[in-house]
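S.K.:
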Amino acid sequence: MITTPITGDLVRGALELERTERGLLPHRLPGWARAQYTDGQLAMAEAQPSGVRLVFRTRATAVELDTVPTKRVYLGAPPRPEGVYDLLVDGRLTRQGSVHGGNTVRVDLATGAVESEQGPAGTLHFGQLPEGVKDVEIWLPHNETTELVALRTDAPVEPAPSRGQRVWLHHGSSISHGSDAASPSTTWPALAAAAGNVSLVNLGFGGSALLDPFTARTMRDTPADLISVKIGINLVNSDALRLRAFIPAVHGFLDTIRDGHPDTPLLVVSPIHCPIHEDTPGPGAFDFEAMRAGKLRFRATGDPAERAAGKLTLRVIRDELARIVAQRAAADPNLHYLDGCELYGEADFAEHPLPDELHPDAATHRLMGERFARFAFAGDGPFSPAGRAGNAPSAATPAAPTQGGGSGAGR
């Protein structure tokens with residue numbers, strides 16, 4: 019077996035590679051952004067490599083990847099499944115696997131106490147791959163922090179040449195991150211990207227789509243041909259903002275993105291249907307009664323009467339986002355809006371209920387990915403060449419993730 023150093027030209031979907039004692043840790047936020055708010059939830063979410071994949075060209079029929087996964091155990095909640103690696107050959111899902119061992123983080127949901135334990139690296143083996151030259155992608159688990167240690171193959175490896183794909187930069191919550199999706203290449207953004215033949219950079223951060231300025235600046239500085247932001251559910255279930263602060267925060271977030279991408283198609287997506295927060299403000303909380311019965315569920319703890327004081331609900335957010343986009347689009351013809359209920363609405367809830375009252379299941383991720391692709395990429399959709407106002411699109415070159423462990427300079 020030939021060992022190939024894992025370098026930035028083999029990695030797609032990460033913005034930075036941090037060198038650790040054992041390998042490389044992909045990040046989806048740069049160091050300067052991580053340094054501005056050292057929140058544990060955000061740190062966990064951005065280091066889980068949703069949309070991050072190794073991409074290379076080879077004749078190899080056997081591939082081995084050593085990684086150090088970090089498994090999270092939530093005491094009092096049902097066990098979480100092992101992280102899944104998807105191997106695609108020439109764009110087709112061909113093999114799947116998991117890596118055992120690694121680090122363990124135990125979280126007591128009742129007290130918030132956290133314990134960490136280091137473990138050994140594990141090996142993922144994919145054999146009997148098709149003969150001949152092929153492009154191989156290994157999608158890392160979307161919900162499991164993964165340090166890359168070593169790549170081995172039975173034939174030489176080289177970076178896959180560009181296929182001229184446009185780069186789609188997306189930001190959203192745990193739903194965009196991929197919560198409860200079956201595997202990393204079947205989160206709704208990954209499925210939509212495959213249908214639209216675009217290269218995905220997924221900045222979906224579980225619990226952390228909060229209109230953070232450092233996220234907007236990261237998007238401003240990231241090369242992209244297409245940009246979308248899915249806003250709302252985290253602002254409600256964290257009870258982070260009132261209406262007075264929400265409206266200018268949305269404008270400021272979009273202003274910052276436009277500073278770096280003045281004419282790029284930009285799609286604002288409002289929340290999907292979620293009954294517990296449609297008319298009831300946050301904060302959201304674990305339903306401990308359900309957890310005692312072995313089920314993970316969330317509930318809303320706010321009072322609907324508090325909407326009069328400016329507390330946010332999903333209906334309020336959809337109305338305001340539609341209004342904001344309509345106002346700005348008068349001077350910004352490449353700004354578009356999608357009501358999240360077009361991806362998953364009230365009628366869908368009856369057939370595809372949210373298992374924990376908050377996150378879509380694997381079948382619903384597929385449904386959302388198909389619907390997003392039909393809306394955005396087909397016909398004269400906002401992400402189709404016909405849907406762009408002004409100049410014709412040109413494929414952005416994805417910047418290789420920077421390597422190093424420093425936090426970098428603030429901006």
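With the numbering used here applied, the sequence shown corresponds to residues 19 to 429, in that order. We put the CB at the ideal spot given by N, CA and C, even for glycine.
Check whether the stretch 333–347 touches the stretch 286–298, taking contact to mean three or more Cβ pairs, one atom from each stretch, closer than 8 Å.
M.R.: Verdict: yes, contact present.
S.K.: For I249, name the three-state secondary structure that DSSP assigns.
M.R.: The answer is coil: DSSP assigns I249 none of H, G, I, E or B.
S.K.: Report all residues from its chain with a CB closer than 7 Å to the CB of P373; omit the five preceding and five following residues, and keep chain order.
M.R.: Excluding positions up to five away in sequence, the list reads D198, D379.
S.K.: Who are the Cβ neighbours of A168 in its own chain at under 7 Å, not counting the five residues just before and after it?
M.R.: Result list for A168: T21, D84, in chain order.
S.K.: Where does T38 fall in DSSP's three states?
M.R.: Note: T38 maps to coil in three-state DSSP.
S.K.: Do you know offhand how far L35's Cα is from G190's?
M.R.: Between L35 and G190, the C-alpha separation is close to 21 Å.
S.K.: Whole angstroms is fine: what's the gap from G302's alpha carbon to D398's?
M.R.: About 38 Å.
S.K.: According to DSSP, what are the bridge partners of Y355?
M.R.: Y355 pairs with V286.
S.K.: Quick check on DSSP: helix, strand or coil for G302?
M.R.: G302: strand per DSSP, three-state reduction.
S.K.: Among the candidates H188, P148, N215, whose CA atom is the shortest distance from the CA of R181?
M.R.: If we check each option's Cα against that of R181, N215 comes out closest.
S.K.: Less than 7 Å between the beta carbons of G69 and N220, yes or no?
M.R.: Their beta carbons are under 7 Å apart, which means G69 touches N220 by this criterion.
S.K.: Among Q146, T141, P179, P148, which has the Cα closest to the Cα of L166?
M.R.: Here the closest residue by C-alpha is T141.
S.K.: DSSP three-state label for P202, please.
M.R.: Here P202 sits in helix by DSSP.
S.K.: Whose CA, out of S194, V29, A80, Y55, lies closest to the CA of F74?
M.R.: Among S194, V29, A80, Y55, the Cα nearest to that of F74 belongs to V29.
S.K.: For I294, which residues from the same chain have a beta carbon less than 8 Å from its beta carbon, with the 5 sequence-adjacent residues on both sides left out?
M.R.: Counting only Cβ-Cβ distances below 8 Å, and skipping sequence neighbours, we find G302, F316, R317, A318, E375, L376.
S.K.: Could you check what DSSP says for P108 in three-state terms: helix, strand or coil?
M.R.: For the record, residue 108 in the displayed sequence is Asp; it is not Pro. Residue state, collapsed to three classes: coil.
S.K.: How far does the alpha helix (DSSP H) with G270 in it reach, from first residue to last?
M.R.: G270 -> alpha helix (DSSP H) spans 261–278.
S.K.: To the nearest angstrom, how far is the alpha carbon of T122 from that of A139?
M.R.: Roughly 12 Å between the two C-alpha positions.
S.K.: According to DSSP, what are the bridge partners of F316?
M.R.: F316 is bridged to F304.
S.K.: Can you tell me whether T88 is buried or exposed? The criterion is at least 16 other CB atoms within 10 Å of its CB, across all chains shown.
M.R.: Counting Cβ neighbours within 10 Å, T88 comes out buried, since at least 16 surround it.
S.K.: With DSSP collapsed to three states, give me the class of H195.
M.R.: Here H195 sits in helix by DSSP.
S.K.: Which value, in whole angstroms, describes the spacing of the CA atoms of P97 and V247?
M.R.: Their Cα atoms are separated by approximately 31 Å.
S.K.: Using a Cβ-Cβ cut-off of 8 Å (strictly less than) and excluding sequence neighbours within five positions of A242, which residues of its own chain qualify?
M.R.: Result list for A242: V185, W186, L187, V219, H279, T282, A414, in chain order.
S.K.: In the structure shown, what three-state DSSP assignment does L72 receive?
M.R.: In this structure, L72 counts as strand in the three-state DSSP scheme.
S.K.: For H45, count neighbouring Cβ atoms within 10 angstroms of its own Cβ and tell me buried if that reaches 16, exposed if not.
M.R.: That one is buried.
S.K.: Does the Cβ of G320 have 16 or more other Cβ atoms within 10 Å, making it buried, or fewer, making it exposed?
M.R.: Buried, since its Cβ has 16 or more Cβ neighbours within 10 Å.
S.K.: With DSSP run on the structure shown, which of helix, strand or coil describes F390?
M.R.: F390 falls in the helix class under three-state DSSP.
S.K.: Taking 7 Å as the threshold (C-beta atoms), are R77 and E155 in contact?
M.R.: Contact: no.
S.K.: Pull up the distance between the alpha-carbon of G150 and that of W157, whole angstroms please.
M.R.: Straight-line Cα distance between these residues: approximately 21 Å.
S.K.: So, does the stretch 45–54 touch the stretch 116–135, judging by three or more C-beta pairs under 8 Å?
M.R.: As far as the Cβ criterion goes, the stretch 45–54 does not touch the stretch 116–135, which means the pair count is below three.
S.K.: Count the other CB atoms, across all protein chains shown, that sit within 10 Å of the CB of P67; report buried if there are 16 or more and exposed otherwise.
M.R.: By the 10 Å Cβ count, P67 comes out buried.
S.K.: Kindly indicate which three-state DSSP category D398 falls into: helix, strand or coil?
M.R.: Note: D398 maps to coil in three-state DSSP.
S.K.: Less than 7 Å separating the beta-carbons of S194 and G225?
M.R.: No, these two residues do not count as a Cβ contact at 7 Å.
S.K.: Would you mind reading off the limits of the alpha helix (DSSP H) that contains A61?
M.R.: Counting along the chain, the alpha helix (DSSP H) containing A61 begins and ends at 58–65.
S.K.: Quick one: using the 10 Å Cβ neighbour count with 16 as the cut-off for buried, is H269 buried or exposed?
M.R.: So H269 counts as exposed.
S.K.: With DSSP run on the structure shown, which of helix, strand or coil describes L339?
M.R.: L339: helix per DSSP, three-state reduction.
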